[in-house]
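Residue numbers are given in full-length UniProt numbering: position 60 of the sequence shown equals residue 60, and the series is strictly consecutive. I have placed the structure first, in the form of structure tokens, so that the comments after it can refer back to it.
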Amino acid sequence: MQFAPINASDLIPITGAYRHRVSPPLIAGYEGVGTVVAAPPAFRHLLGQRVLPLRGVGTWQRYVDCDPLSAVPVPPDISTTLAARAYINPLAALLMLKQWSPAGKRVLITAGGSACALLLAQWARQMGASSITAIHRAPQHGARLQQLGIAALAETQRAEIAAAAQQCDRVFDAVGGEIGQLIWQALSVDAEFIAYGVLSGKPVRVNAPRPALHWFHVRHTLEDLAHQDWQRLFSELWPLLRASECGEVEIFPLAHWREAIQCYHQSGRERKPLLQIS
């Protein structure tokens, strides 16, 4: 292994919130990038290549065993630090936009400073959204969104958020809590609310069938995916990532994992913490 990022999905099992499907002892980490050092005869062509050793857990360690059919080769022009982040957030964003097309829709996105929201906003625009508004917490996140041509609202602008929700067709929410609840209650009955995270710790509660609320989990979507379809998804992702603003990283040696996690939790953080494994 070379690098592995820190994501909410990595930290939630550590807290015990996923205790129903986590059996310690277990190594943390769902994504990252490494170089193949050993392979079965049929996959000798992968030796020395950078790959994403995915569809398992335990990337926060020096060596990872992976099904060779699930190992995703990294194109030569993709940087190693970008490749390390090419799974959880990019794949979630792509799969959500495939399932709930933004074409011709007015889109509202929460957690606008997050890596997934940043990709959702850029790719929704490429896929033909008629308007995109992102809700953010820190002022610097608002400035970055505006530089990318995305309308930005601070979390404190509650009246403006409610007004935007009344006019939107699709919501991609990673926050829940008061913001998510405010948005869902302001939506028209024909709108769709896609919840893919609960950063506030409080899920949105609904008391009516409309507007529709959908829960999205990458893990559930990929469980039955054939190997060839898995590889095809990444062939779609690489061109998108090449042409997107994916944010900066801050690198921490693996021994400094505590500092890396503290960095992840900093409000207004502008860089993605990345563990340098080797």
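Where a beta carbon is used, it is the ideal one built from N, C-alpha and C, also for glycine. Treat the numbers as computed from the prediction; the structure is a model and nothing was measured.
| Item | Value |
| --- | --- |
| Restricting to Cα atoms, I'd like to know which of 52, 257, 180, 98 is closest to residue 158. | 180 |
| Taking 8 Å as the threshold (C-beta atoms), are residue 164 and residue 108 in contact? | yes |
| Mark residue 215 as exposed unless 16 or more other C-beta atoms lie within 10 angstroms of its C-beta, in which case mark it buried. | exposed |
| Between residue 237 and residue 8, what straight-line distance do the alpha-carbon atoms span, to the nearest angstrom? | 21 Å |
| Looking only at its own chain, which residues have a Cβ that is under 8 Å from the Cβ of residue 46, when we skip the five neighbours before and after it? | 36, 39, 68, 71, 73 |
| Which residue from 160, 203, 57, 126 puts its Cα closest to that of residue 243? | 126 |
| Starting from the Cα of residue 32, find the closest Cα among 94, 55, 197 and give me that residue. | 55 |
| Less than 8 Å between the CB atoms is what I'm expecting for residue 85 and residue 272, so what's the real figure, rounded? | 6 Å |
| Using beta-carbon positions only, say whether residue 124 and residue 152 come within less than 8 Å of one another. | no |
| Can the beta-carbon of residue 78 be found closer than 8 Å to that of residue 30? | no |
| Helix, strand or coil, according to DSSP, for residue 184 in the structure here? | helix |
| Return the residue from the list 22, 2, 104, 93 that minimises the CA-CA distance to residue 49. | 2 |
| Can you give the Cα-Cα distance for residue 197 and residue 189, rounded to whole angstroms? | 22 Å |
| By Cβ distance below 8 Å, which residues in the same chain neighbour residue 104 in space, the five residues on each side in sequence not counted? | 128, 129, 130 |
| So residue 337 is in the alpha helix (DSSP H); what residue range does that whole segment cover? | This structure cannot speak to residue 337, because the chain is shown only from 1 to 278. |
| Please report how far the alpha carbon of residue 140 lies from the alpha carbon of residue 217, in whole angstroms. | 29 Å |
| Does DSSP classify residue 202 as helix, strand or coil? | coil |
| Compute the beta-carbon to beta-carbon distance between residue 193 and residue 212, rounded to the nearest angstrom, for a pair I have assumed lies under 8 Å. | 7 Å |
| Quick test of your reading: residue 97 and residue 118, contact by CB under 8 Å. State the CB separation rounded to the nearest angstrom. | In fact, because the Cβ distance is near 13 Å, the residues do not count as touching under 8 Å. |
| Between residue 252 and residue 245, which are expected to be in contact by the criterion C-beta below 8 Å, what is the C-beta distance as a whole number of angstroms? | With a Cβ gap of about 22 Å, residue 252 and residue 245 do not count as contacting. |
| Residue 153 by DSSP, collapsed to three states: which one? | strand |
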